[in-house]
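Residue numbers (the working numbering): 1 to 367.
Glycine included, every Cβ here is placed at the ideal spot set by N, Cα and C.
Written out below as structure tokens is the structure these notes cover.
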Ligand SMILES: Cc1cc2nc3c(=O)[nH]c(=O)nc-3n(C[C@H](O)[C@H](O)[C@H](O)COP(=O)(O)O)c2cc1C
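See below:
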């Protein structure tokens, strides 16, 4: 179905195509009998939550939680809505989303266009969760950086009763100065305040909602190690790696690649993988959600072996359509079989062991 629609969708301006895809998914979810999700079983327990399989939808695709039922019916293992800011805001002027089809990439400078906390909370309130739903929170563009923590705390408190986890977005390149919140001192103060709120709010709602921090791919080793220390010190529950890159890891610079914004999709994968590996080595067991450039089963497997427990996709979905979910899940089954294991956790342990001993994980056959 998507294969037939794809040429038409790719002829539309990118943002119009995205709107149309989201509306179609939303309508499918609103049917009297919405399609049932496929029954893929590759269970993962992480962040104190049960996931039917590790593949989720990344933030930004359904910022306002408009199509939750339809998205769940496509077969995702979990969904992340947002980024939501306290007040609704229009985002940057258009055009602000650009395709690089030859590279399987996108550049966006959306700038947190969203309908605001109140609308999202109303939608989440009326939704019956069948899979875990994370809410990604950010600051309004016109909130001064020095007051950013107020926006995050407000958003955190508002969504916490309706979220299975909360993602603190410190890494969008499209809100001026936002990435500076990843600097150790600022990150320590911000994450420390949110962890304090997490404890207080847990008493009133009777549930401790895990807090994940979403980081950029564009760190030097030293800067990443400093952030890892902050994440450990503040006892964050997970790290989402990564957001889009402000670099241009593509051959040749066309007019489109020179557009300002964050690049996502295939060329991002090696940058993301590097960050995941370093996090895995330094985080001492804090779970990692790997996102960046996943476009097939191999790239999904690579992020898992590098250290991710869960995965998310966005750009791959735009180019490959929802069939990508089945392709990845079936490919993961094959990778698991190749290790001789029955489940993902065992397979990853084996593959990571082989990786550290220099043996390629997908070339070795176990008896
Ligand atoms: C159009 C677009 C909008 C995005 N909006 C958000 C957002 O609001 N919040 C966020 O944390 N990440 C956002 N992202 C980043 C994605 O969640 C993801 O981290 C990134 O695209 C890398 O994954 P991918 O290569 O699979 O696309 C956006 C990405 C795109 C392409």
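Spatial neighbours of residue i in its chain, beta-carbon cut-off 7 Å, leaving aside the 5 residues before and after
i, result
"residue 356", "none"
Beta carbon of residue i nearer than 8 Å to that of residue j
i, j, result
"residue 82", "residue 135", "yes"
"residue 70", "residue 29", "yes"
"residue 318", "residue 106", "yes"
"residue 329", "residue 42", "yes"
"residue 291", "residue 58", "yes"
"residue 238", "residue 47", "yes"
"residue 289", "residue 271", "no"
"residue 97", "residue 14", "yes"
Proximity test, residue i beta-carbon vs ligand 1 heavy atom, cut-off 7 Å
i, result
"residue 19", "no"
"residue 23", "no"
"residue 188", "no"
"residue 325", "no"
"residue 76", "no"
"residue 137", "no"
"residue 175", "no"
"residue 273", "no"
"residue 140", "no"
Straight-line gap, residue i to residue j (C-alpha atoms, nearest Å)
i, j, result
"residue 23", "residue 192", "38 Å"
"residue 452", "residue 354", "The requested residue 452 is not part of the displayed model; the chain covers only 1 to 367."
"residue 280", "residue 45", "17 Å"
"residue 351", "residue 133", "29 Å"
"residue 366", "residue 344", "A caution first: residue 366 carries a pLDDT of 35, below 50, which makes its placement in the model unreliable, though a value can still be read off. Approximately 15 Å between the Cα atoms of the pair."
"residue 166", "residue 254", "37 Å"
"residue 316", "residue 297", "11 Å"
Close Cβ partners of residue i (< 6 Å) along its chain, the five nearest in sequence each way excluded
i, result
"residue 267", "103, 105, 249 and 250"
"residue 244", "262, 263 and 264"
"residue 147", "none"
"residue 21", "none"
Nearest-angstrom beta carbon gap, residue j and residue i [assumed within contact, 8 Å]
i, j, result
"residue 241", "residue 275", "5 Å"
"residue 332", "residue 300", "7 Å"
"residue 86", "residue 124", "Not really, about 15 Å apart at Cβ, beyond 8 Å."
"residue 283", "residue 348", "About 15 Å separates the two Cβ atoms, so there is no contact after all."
"residue 84", "residue 108", "Not really, about 17 Å apart at Cβ, beyond 8 Å."
Residue i at chain B interface by Cβ criterion, 8 Å
i, result
"residue 144", "Reference to chain B is not applicable here, since this structure consists of a single protein chain."
Same chain only: Cβ atoms within 8 Å of residue i, ignoring 5 sequence neighbours per side
i, result
"residue 175", "111, 112, 138, 139 and 141"
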